[in-house]
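Asks: For the record, in the sequence shown the residue sitting at position 123 is 123 according to full-length UniProt numbering, with numbers rising by one throughout.
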Amino acid sequence: MKNMETLKFSKRPLVNLGNSRTTKYRRKIKALENQKKNGQTLIQLLSKEKSQETSDSEETQNNDEEINKKNANKSMKYVTFINQIETKLKTENQQLTSGHKMRLKAVQYYFQLLSKGHAKLKASQTVAELLNRGVWFARCVRSWAKAFKNYDYVPKSN
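1) For LEU89 and TYR110, I'd like the C-alpha separation in whole angstroms.
2) If I'm right that VAL135 touches ALA128 with Cβ under 8 Å, what's the distance once you round it to whole angstroms?
3) Whole angstroms are fine: how far does the CA of LYS11 sit from the CA of ASN34?
4) Put GLN112 into one of helix, strand or coil per three-state DSSP.
5) On the criterion of 16 or more Cβ atoms from any shown chain inside 10 Å, does VAL79 qualify as buried, or is it exposed?
6) Under DSSP, the alpha helix (DSSP H) around ASN38 begins and ends at which residues?
7) Give me the Cα-Cα distance between GLY39 and LYS30, rounded to the nearest whole angstrom.
8) PHE81 and LYS149 look like a contact to me (Cβ under 8 Å); what is the Cβ gap, rounded to whole Å?
9) So which of PHE137, LYS28, LYS24 and GLY117 has the shortest CA-CA distance to SER124?
10) For LEU114, collect the residues of the same chain with a Cβ closer than 6 Å to its Cβ; drop the 5 residues on either side in sequence, then sort them by chain order.
11) Please classify ARG12: does DSSP put it in a helix, a strand, or coil?
12) Can you tell me where the alpha helix (DSSP H) holding residue 195 begins and where it ends?
13) Take the Cβ of ALA106 as the centre, count every other Cβ of all protein chains shown within 10 Å, and call the residue buried at 16 or more, exposed below.
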């Protein structure tokens with residue numbers, strides 16, 4: 001028992017961190033061998049990437065045009081959903097409960113924000129704030145919108 005009390009603790013870590021003197025030396029040797037194999041250093045590699053960025057900028061412009069076309073198609077899709085909800089609200093006005101009307105309106109606002117280019121999460125949070133509701137309502141709006149996309153129907157209750 002006395003031996004344990006007088007025992008000095010070592011400052012060495014109990015786990016191998018992989019940063020010993022020998023490990024650093026091995027890594028340096030391996031890096032030099034790889035440099036000889038590749039025939040280029042890291043600085044040369046990075047300078048090549050800068051020259052490739054100019055050619056990549058032309059490709060990104062073409063990609064931007066394709067993305068704009070896709071976004072236009074998506075906004076057209078949202079417009080049809082908005083119109084469907086509008087007709088549902090007009091034709092079935094007497095039959096819908098106030099809660100179901102509110103859900104349809106929330107989904108309609110959500111689709112309007114998506115058609116203007118807002119992100120899904122931000123759009124649902126905006127709708128929830130607009131209707132003085134919380135975070136859970138924003139999540140519900142996204143699920144109702146998904147149900148409307150797939151089945152042309154917003155659930156009456158959860």
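The beta-carbon is built from N, C-alpha and C at its ideal position, and this holds for glycine as well.
Replies: On the basis of the data shown:
1) 16 Å
2) 7 Å
3) 35 Å
4) helix
5) exposed
6) 21 to 38
7) 14 Å
8) 7 Å
9) PHE137
10) TYR78 and ALA123
11) coil
12) Only positions 1 to 158 of the chain appear in the structure, and residue 195 is not among them; the question remains open.
13) buried
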